[in-house]
Amino acid sequence: MMRLVWDILTDRTSLWVRWSKAEILKECSLWRLEPMQSHSVTWKSILNLRAQVAANLVYSVGRNSSWSLWHDPWFQNCSLISRLGSRVIYDSGLSRDATISEVILDSAWIWPEHVGQLREISIACADIPIGQHDSISWHVKGRPFSFKSAWESIRATHSGVPWAKIVWFKGVIPRHAFCFWLSFHKAHLTLDKLQNIGMVQCSQCSFGCGQQESMNHLFFECPFTKSVWSKVLEFNICPIPTACSWDSTASWALGRTKGRQFYRWMRRVGLTATIYHCWRERNNRIFKHVATPPFQVVDRIAFDVAKKAALCWNIPDTPTNRAVVENWGIDESVFITDRLLAGSRETGFRF
Ligand SMILES: [Zn+2]
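If you want it as structure tokens, here you go:
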């Protein structure tokens, strides 16, 4: 849509621009056109976008400038009439349709001196060079419209969450990542939440420990899931904490799983797989009435992790990496096999 505004402003040769000028604008400036009920949805959107478009425009004023002095957003991306009000037009003695060229003489600015409101503009204009011709750019002088910068200018920007790189990373299994992402949002519908809203009568943990199912309990205070998680930590040669909970696991993940090293990548893959398979086992017990012992859940995790890790290549053959590879039952082909290539090729993933 911004592109259409740009096309009109730059008078692009297109049937749509010609039609718009003839049927919609009818000699009126885009900046002066008032929205009307009869306008199409497209044109209503275009008119609503004007302020955002104006914020991206860079006007280069020519000595015979034909842009509207009062209505074009040529000065600091804002029209003078919206900045100063319409009274200034009357005070200046210039017409409502005045062009910028009317305050330029011999390539110099000549603002009406008797209008106090224009004094500030006049001073600021001293720094605005006057060129040979009018030209308009997008975002940076001399550049045409760009979809990328247009998108950047309108999209809502948010600071990244600290856990983004441990949830969405190269080689992660998408369904595991999604389940892990839900955990960081505490969005799993655990039984304690369902009981609070009256959807279930009982919130007892489905792993038979007799305690209430909550996020912290499920990942990994519960003896069942804790035994699974402990095995995964053991495979990855990580110390097993005496007390586990979702909160402590999340802070461990933030501090101990980031990085490009293979063993750190394995920690991330191991954790995301554990969260996924424990949640899946919990669902199987509740909805399918099928229970699997912890060692089989570990087997499922090991299967997924090993299958993914087998796609790695050029992993440095260090004692830590070798122990991790052996613990998970990953094929040795992931290690550097050609000494000549060692150091010349980056550790990578064939994903
Ligand atoms: Zn439990």
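Residue numbering for the sequence shown follows the numbering used here, beginning at 582 and increasing consecutively. The beta carbon of each residue, even a glycine, is placed where N, CA and C say it ideally should be. A quick note: this is a predicted structure, and the numbers were derived from the prediction, not measured.
Query                                                                                                                                                                                     : Result
Just curious, the beta strand (DSSP E) that Leu-638 is in, first and last residue?                                                                                                        : 638-641
Taking 7 Å as the limit between beta carbons, can you name the residues of its chain near Cys-825, skipping five residues before and five after?                                          : Phe-801, Glu-802, Lys-807 and Trp-810
Please determine whether the Cβ atom of Phe-761 lies at a distance below 7 Å from any heavy atom of ligand 1.                                                                             : no
Could you please give me the residues that DSSP links to Trp-827 through a beta bridge?                                                                                                   : The partner list for Trp-827 (beta bridge, DSSP) is empty, contrary to what the question assumes.
Go to Ser-718, then tell me how far its alpha helix (DSSP H) extends in each direction, as first and last residue.                                                                        : Here Ser-718 belongs to no alpha helix (DSSP H); instead the beta strand (DSSP E) covers 716-719.
Assign Asp-592 to buried or exposed, taking buried as 16 or more other Cβ atoms, counted over all protein chains shown, within 10 Å of its Cβ.                                            : exposed
Please classify Gln-793: does DSSP put it in a helix, a strand, or coil?                                                                                                                  : strand
Return the residue from the list Lys-751, Leu-650, Ala-745 and Pro-874 that minimises the CA-CA distance to Ile-681.                                                                      : Leu-650
Would you kindly work out how many angstroms separate the C-alpha atoms of Gly-933 and His-766, rounded to a whole number?                                                                : Since the first residue shown for the chain is 582 and the last is 932, residue 933 is missing from the structure and cannot be characterised.
Could you check whether the segment 877-891 touches the segment 904-913, counting it as contact only if at least three pairs of C-beta atoms, one from each stretch, sit closer than 8 Å? : yes
Quick one: is the Cβ of Phe-788 within less than 7 Å of any heavy atom of ligand 1?                                                                                                       : yes
Mapping the DSSP letters down to three states, classify Cys-659 as helix, strand or coil.                                                                                                 : strand
Taking all protein chains shown into account, do 16 or more other C-beta atoms lie within 10 angstroms of the C-beta of Cys-786, making it buried, or fewer, making it exposed?           : buried
Have a look at Asp-828 and Val-850 and give me their C-alpha separation to the nearest angstrom.                                                                                          : 18 Å
Out of Lys-774, Gly-789 and Ser-914, point me to the one whose CA is closest to Gln-782's CA.                                                                                             : Lys-774
Quick check on the burial criterion: 16 or more other C-beta atoms within 10 angstroms. Buried or exposed for Ile-882?                                                                    : buried
Please report the straight-line C-alpha distance between Arg-613 and Glu-694, rounded to a whole angstrom.                                                                                : 26 Å
To the nearest angstrom, how far is the alpha carbon of Asp-672 from that of Lys-729?                                                                                                     : 42 Å
Terminal residues of the continuous alpha helix (DSSP H) containing Trp-860?                                                                                                              : 843-864
Of the residues Asn-777, Arg-700, Thr-771 and Met-617, which one's Cα is nearest the Cα of Leu-799?                                                                                       : Thr-771
Should Ile-627 and Leu-585 be called a contact, given that it needs their Cβ atoms to be closer than 8 Å?                                                                                 : yes
Find the nearest neighbour of Met-582 within the set Ile-691, Asp-885 and Gln-633, judged by alpha-carbon distance.                                                                       : Gln-633
Around the Cβ of Lys-812, are there at least 16 other Cβ atoms within 10 angstroms (buried) or fewer (exposed)?                                                                           : buried
From Met-780 to Ile-867, what distance separates their C-alpha atoms?                                                                                                                     : 14 Å
For Ala-660, does the count of other Cβ atoms within 10 angstroms reach 16, so buried, or fall short, so exposed?                                                                         : Reading the sequence as shown, one finds Ser at residue 660 and not Ala. Buried, since its Cβ has 16 or more Cβ neighbours within 10 Å.
With 16 other CB atoms within 10 Å as the buried threshold, where does Phe-916 fall?                                                                                                      : buried
Can you determine whether any heavy atom of ligand 1 sits closer than 7 Å to the C-beta of Cys-893, and answer yes or no?                                                                 : no
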